[in-house]
Amino acid sequence: MNKENNLDNVKSYLKEISKEYKTGIAKEHAYRPHLKDLIESFDSRLIAVNDPKRVDCGAVDFSVRSDELPIGYIETKDIWVSLDESENSEQIQRYLKALHNFVLTNYLEFRWYVDGELRKTALLAKKFGNSKIEPVAQGSIDAFALLDEFLNQEPEKIINASHLSSRLAYIAREIKEVVIKSFKSNKASQQIRDLRSAISDVLISDICLPEKTGE
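So the number in the working numbering is just where the residue sits in the sequence shown, counting from 1, plus 97.
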C-alpha cells in the first residue's frame, strides 16, 4: 500500500463529496459511489458492496470484502445527520452488538468500532451552510489512518465454547425479532408464509401468533 497515494485518494474523495454537496440537491445515496471508490483504492483485493443482502442484524449499507471474505461493514448517514444521535439509535446499537468490525459515517466524520467499542474517530471536513464544505487540519491523515486500521482489522475469533454460544444466542434473538417484525408489518416473504402454514398444519397449531412464528 502506498500511503502517499492513499492520502491523495482521501483528498480526491473529499473534492467529489464537496462537488455533490454544492449542487444543493444531493441526497445520501449520491455520495456512496465516492465512498466505494475510496475504500477500494486501499487495496486491489477489496470490494465495497453497496446495499448488500441483509445480515442477521439488518441491512447495513456497505459490506467490505477482501478475496470474497467479509472484513467489515459501513453504515452511511446523510451529511447533515449527527453521528451522536445516530450512534444512540436502535439501529446502530443493534449493529454495534452484532458486527465485529464496523464504521459509522456521514461522509465527513468517521467512527470506527470493534466489538461495539469505539476505537477511533476522524473528522475529515466540516460543512458550512447548504453549499460549502471545508477540510479540517489533519483531517485527511486522520481519515486515512482510521480506514487503514478498519480495513486491516483481524477477523473476529471464537475464543471458547461460551463465546460461541453467546454469539449464536444473539443471532437467534435477532432472527426472531426480524421474523416477528416482518409479519407484524406485513412484509414477510411468500416463502416464509408458506413455511409457517406448513408448520401450523403439521406441528404447531398456534404458530400463526407473531411470538410463536419468531420461535
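All C-beta atoms in this analysis are idealised placements derived from N, C-alpha and C, irrespective of residue type, glycine included. Just so we're clear, the structure is a prediction, and the values are computed from it rather than from any experiment.
Residues bridged to residue i [DSSP beta-bridge criterion]
i, result
"A222", "P232"
"F159", "N147 and I171"
"E214", "V211"
"L292", "Bridge partners of L292: none, in fact."
"L166", "S163"
"V152", "G155"
For residue i, the first and last residue of its enclosing beta strand (DSSP E)
i, result
"R208", "E206 to V211"
"L201", "N198 to T202"
8 Å contact criterion, which residue i and residue j should meet: CB distance rounded
i, j, result
"V233", "A242", "Not quite, the Cβ-Cβ distance comes to about 14 Å (not below 8 Å), so this is no contact."
"D175", "N198", "Actually they do not touch by this definition, with Cβ atoms about 23 Å apart."
"G236", "L220", "6 Å"
"G213", "Q188", "Actually they are not in contact, since the Cβ atoms of G213 and Q188 sit about 14 Å apart, beyond 8 Å."
"S160", "I230", "With a Cβ gap of about 27 Å, S160 and I230 do not count as contacting."
"L201", "R191", "At roughly 12 Å, the Cβ-Cβ gap does not stay under 8 Å, so L201 and R191 are not in contact."
"F118", "S228", "A quick correction: the sequence has Tyr, not Phe, at residue 118. So it is a contact: roughly 7 Å between Cβ atoms."
"D158", "I171", "6 Å"
Per-residue burial, residue i [other beta carbons within 10 Å of its own, 16 or more giving buried]
i, result
"W177", "exposed"
"T173", "buried"
"I122", "exposed"
"N102", "exposed"
"D164", "exposed"
"L166", "exposed"
"S294", "exposed"
"I251", "Position check: residue 251 holds Glu in this sequence, whereas Ile was assumed. Result: exposed."
"G169", "buried"
"E182", "exposed"
"F247", "buried"
Alpha helix (DSSP H) segment containing residue i, residue limits
i, result
"E137", "R129 to E137"
"R191", "E187 to A195"
"E182", "L180 to E184"
Check whether the segment 135-145 touches the segment 105-113, counting contact only when three or more Cβ pairs, one atom from each stretch, lie closer than 8 Å.
yes
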